[in-house]
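> There's a structure below that I have some questions on.
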Amino acid sequence: MNLNWLTVILASVLSYLQMDFLCLLFGHLFSTALKPVAVQNPFKNELLIKFTFVMRIYWKSDTILQWDLSAFRSLYLLVSHAEAFPRPPPSPPPPSLLPPIAQPLSLSPKPCHLNLSSFAILSIAPLTAYVAHHLFAARPRSGAMADQATPWPLRPQLLPFPSPLPLPLLLLFLLLAPFQDAAADPARDADVLLKFKETLASGGGDVALHNWVAGSSPCRANVTQWAGVLCNLDGSVRGLQLENMSLSGALTTDVLVDLPALRTLSFKNNSFEGSIPDMSKLRALRSLYLSANEFSGAIPDAMFLGMQWLKKVHLSRNAFTGRIPGSLVGAARLLELRLDDNQFEGHIPDFRQSGLWLVNVSYNNLEGPIPHRLAKMSPNWFEGNADLCGAPLSDACGSPSTKLSAALIIAIISITISLLLVVAALILIARRRKKEEEALTTQLPSSKSIKIEHLPADKPDHRPAHHGGGKKVPKEEQGKLIFVKEGAVKFDIQDLLRASAEVLGSGNFGSSYKAILLEGPAVVVKRFKEMNGVGREDFHEHMRRLGRLSHPNLLPLVAYYYRKEEKLLVTDYVFNGSLAHMLHGGHGSNLPPLDWPARLKIIKGVARGLAYLYEELPMLTVPHGHLKSSNVLLDSAFEPILSDYALVPVMNRTHASQIMVAFKSPECVQSGKPCKKSDVWSFGILMLEILTGKFPANYLRQGRVGTDLASWVNSVVREEWTGEVFDSNMKGTQGGEGEMLKLLHIALACSDTDADKRCELGEALAKIEDLKEYDDGHCLVVG
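Residue numbers (the numbering used here): 442 to 1224.
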């Protein structure tokens, strides 16, 4: 039972017991206590409205007739903040007995947020009072109470409701009252962000946020227009992702209170310093990322008090001191807490959140037992704290050790020296074996051989004691394949080495092999050597994120392997090969050329898969990043499957800018940075390649032949010989020329050199979904 219903019940009891004075005094104290904060907190506003209205209804029955209209008038003023409307001049009770809320209030322009449960209480309260009054009023009372004046006059029978006004007016307020948050206000959001930018001006904000300018909007629907801004579908600002921008100085978030839809704040990998900004006013915040800065000092214990929606707090790699804030225990929805690589001291609070799965406090100065609720977490998340004990650490919490004897100390020193000698010998042996065993050789069916480097399972990477990338993978997973696809057949590195292997190719990222396991399906193993700039923790986190993706047009990640020098990604094997092979190299095979219906089906599938990536990975500027025909695979039904997607965050920046397709977009060539529409440009070029059968020069490095498709197709359209642009090997086009031309224009709109004029992905998807195989009335929709 919540506070709202307790309020109603208490008011009912006080009224029925004829304790008018206590009832009014309770209402006066309650509303007076809430009034100073009512204009700041819409939820307390709502509670104030409900209680005051209940006080009105539970007034003496002989004044309900006179004051029911006044009660609804007060409710209306609180809900809509409108001017007082005229009311009949009834004979009011003495002014001293009026509840204080009867006088007009000076309210904030923010509307109250009332929900259906609020009005249910307001509707039930007067009816309950009325029924209770008439049921019990006819019973005469005995003793001294019978001679006293009663606020509920004795009546021999049920009478009509004192006034017909309350219920119709209540229905009117149900229609007029605001049930949801106020509509998005781009101008307000822009003004707030510009004020926030001014606080960053001395720390590099003018350079990093150069496109935050007055007169423009930060969001256009859910598409960001300003750097680092995350947007909702209604155009409101959902979050700030100001990462890796070399921002410095002190950080203040006071002005961000006026962003009602703000849910995420990320200032990772900057140089902010000083105390942590006050977050207590951002009650609706879901995620807070302040890792890898230079914040210092103690965090106030009440910093996160009242932040019931908080789910992720990342404060690692700073210089925070003092105790872990106890208010984090009250964040009921907390899922992730990263405090590693700081200088926190004291005990770990007793976290009891049911959904809390990650608490990383490694490399601090914490002490005492680890709370029981955290005992099943990884021990790596608690290492680096000399005085921590208990599960999951191997150090049990026991009584203080007694003073060691001299003989025992000598024995310990002797054993330590012996162990050091043994370790030194093992290191020498391991180095010798490493020189002797560099690679394992696997025979191919064609009598060729390939060399797959031996991936030792007993050589995990080591992280410095006070620097690096946060949590580690559990020791039992180091040096092993880590599976992320549910239901996948499990195997290990040795199974891959024993499997028959076939070289599929050597691309810009590395080599690919098809491995047929002795017991299990055929898989593809890709070796990446241009990912050594990403830390272990960031790599594992991103791979787990990719493992959660599931769509018919995406190639699922089965497993991965991490080593500092190289990484392996394991995926399913797709039998029909790539779209590039079908378009440009498959004519000598047994597979026929792709006809018009098949090409339309492929384009629709690619559009759906790309739209899914945009929806699931909104934090990435280019959710795919490397969309081209060789990364579109075809299954047995010629359904397209996208591969090599979402790898930009883990690729070396220099290599990505030289190789990946999104970085070849016109805007990236000019500015050096891709944008949200760079993947749309890649998709437009891919559609032109499918329609024309020509290989695009946009993807090629110097020395290879190709055609700048966008420029060539535009020149063809201008010269009005559009029909010549389509692939001459494409069959099944009769009767579908009109639909083909529509698709051609969509492709040109997606590949526009001006990113601002370029078609939005959602708009392109909708138009493509409407396309059919044929122009006449006998068309068959491809889907």
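By construction, the Cβ of each residue, glycine as well, lies at the ideal position given by its N, Cα and C atoms.
(1) Would you kindly work out how many angstroms separate the C-alpha atoms of aspartate 979 and leucine 1035, rounded to a whole number?
(2) If distances are taken between C-alpha atoms only, which option among Leu799, Gly763, Leu706, Arg774 comes closest to glutamate 808?
(3) Starting from proline 1107, trace the alpha helix (DSSP H) both ways and give me its first and last residue.
(4) For phenylalanine 708, which residues of its own chain have a beta-carbon under 6 Å away from its beta-carbon, when the five flanking residues on both sides are left out?
(5) Would you tell me roughly how many angstroms separate the C-alpha atoms of threonine 640 and proline 659, rounded to the nearest one?
(6) In or out: cysteine 838 buried (at least 16 other Cβ within 10 Å) or exposed?
(7) Please report the Cβ distance between leucine 769 and leucine 775, rounded to the nearest whole angstrom; I am assuming they are in contact, meaning their Cβ atoms lie under 8 Å.
(8) Please report the residue range of the beta strand (DSSP E) in which threonine 705 lies.
(9) Using the DSSP secondary-structure output, state which residues sit across from phenylalanine 736 in a beta bridge.
(10) Apart from the five residues on each side of it in sequence, which residues of its chain come closer than 6 Å, Cβ to Cβ, to valine 1146?
(11) Cutting at 7 Å between CB atoms, please list the residues of its own chain near glutamine 666, excluding the five before and the five after it.
(12) Where serine 941 and proline 1137 are concerned, what is the direct C-alpha to C-alpha distance, given to the nearest angstrom?
(13) Taking all protein chains shown into account, decide if serine 855 is buried (16 or more other Cβ within 10 angstroms of its Cβ) or exposed.
(14) Of all the options Asn949, Leu635, Glu971, which has the alpha carbon lying nearest to the alpha carbon of asparagine 1093?
(15) Under 6 Å Cβ to Cβ from glycine 831, same chain only, skipping five residues before and after it: list those, please.
(16) Would you identify the three-state DSSP class for histidine 1025, choosing helix, strand or coil?
(17) Measuring alpha carbon to alpha carbon, tell me which of Val1089, Asn1170, Tyr1055 ends up nearest lysine 1135.
(18) What does the Cβ neighbour count give for alanine 772, buried or exposed, with the cut at 16 atoms within 10 Å?
(19) Does glutamine 1099 come out as helix, strand or coil in the three-state DSSP assignment?
(20) Looking at the unbroken alpha helix (DSSP H) that takes in tyrosine 1053, where does it start and where does it end?
(21) Examine chain D for any beta-carbon lying closer than 8 Å to the beta-carbon of leucine 1020, and answer yes or no.
(22) Let me know the secondary structure DSSP gives alanine 942 once reduced to three states.
(23) Could you spell out where the beta strand (DSSP E) holding serine 1123 opens and where it closes?
(24) Using the Cβ count rule (16 or more neighbours within 10 Å means buried), how would you classify tryptophan 798?
(25) Ordered along the chain, which non-local residues of its own chain (more than five positions away) have a Cβ less than 6 Å from that of proline 627?
(26) Is the stretch 987–1004 in contact with the stretch 918–935, if contact means three or more CB pairs nearer than 8 Å?
(27) In its own chain, which residues sit with a C-beta less than 7 Å from the C-beta of arginine 939, not counting the 5 before and 5 after it?
(28) Using the three-state DSSP reduction, which class does alanine 772 fall into: helix, strand or coil?
(29) For glycine 690, write down the residues that DSSP places opposite it in a beta bridge.
(30) Suppose you measure from the CA of leucine 1068 to the CA of lysine 636; what does that come to, to the nearest Å?
(31) Count the other C-beta atoms from every protein chain shown that fall within 10 angstroms of the C-beta of glutamate 1056, then say buried if there are 16 or more, exposed otherwise.
(32) Let's test the definition: count the other Cβ atoms within 10 Å of the Cβ of isoleucine 868 and tell me whether it reaches 16, buried, or not, exposed.
(33) What distance in whole Å lies between the Cβ atoms of leucine 834 and valine 802, which are believed to be in contact at a cut-off of 8 Å?
(34) Looking at C-alpha atoms only, which residue of Leu849, Ile850, Arg1049 is the closest neighbour of glutamate 1210?
(35) From the DSSP secondary-structure annotation, give me the bridge partner or partners of arginine 779.
(36) Rounded to whole angstroms, what is the Cα-Cα separation between glycine 951 and phenylalanine 785?
In short:
(1) 41 Å
(2) Gly763
(3) 1107–1112
(4) Leu683, Leu731
(5) 18 Å
(6) exposed
(7) 7 Å
(8) 705–707
(9) Gly715
(10) With a pLDDT of only 38 at valine 1146, under the threshold of 50, the placement of this residue in the model should not be trusted, and no figure is reported.
(11) Ser657, Ser658, Pro659, Cys660
(12) 35 Å
(13) exposed
(14) Glu971
(15) Pro810, Ile811, Cys838
(16) helix
(17) Asn1170
(18) buried
(19) helix
(20) 1037–1057
(21) No chain D is present in this structure, which holds just one protein chain.
(22) strand
(23) Unbroken run through serine 1123 is the alpha helix (DSSP H), 1119–1133; no beta strand (DSSP E).
(24) exposed
(25) Ser658, Gly676
(26) yes
(27) Leu959
(28) coil
(29) Phe713
(30) 39 Å
(31) exposed
(32) exposed
(33) Valine 802 to leucine 834, Cβ: 12 Å. No contact.
(34) Arg1049
(35) His755, Asn801
(36) 43 Å
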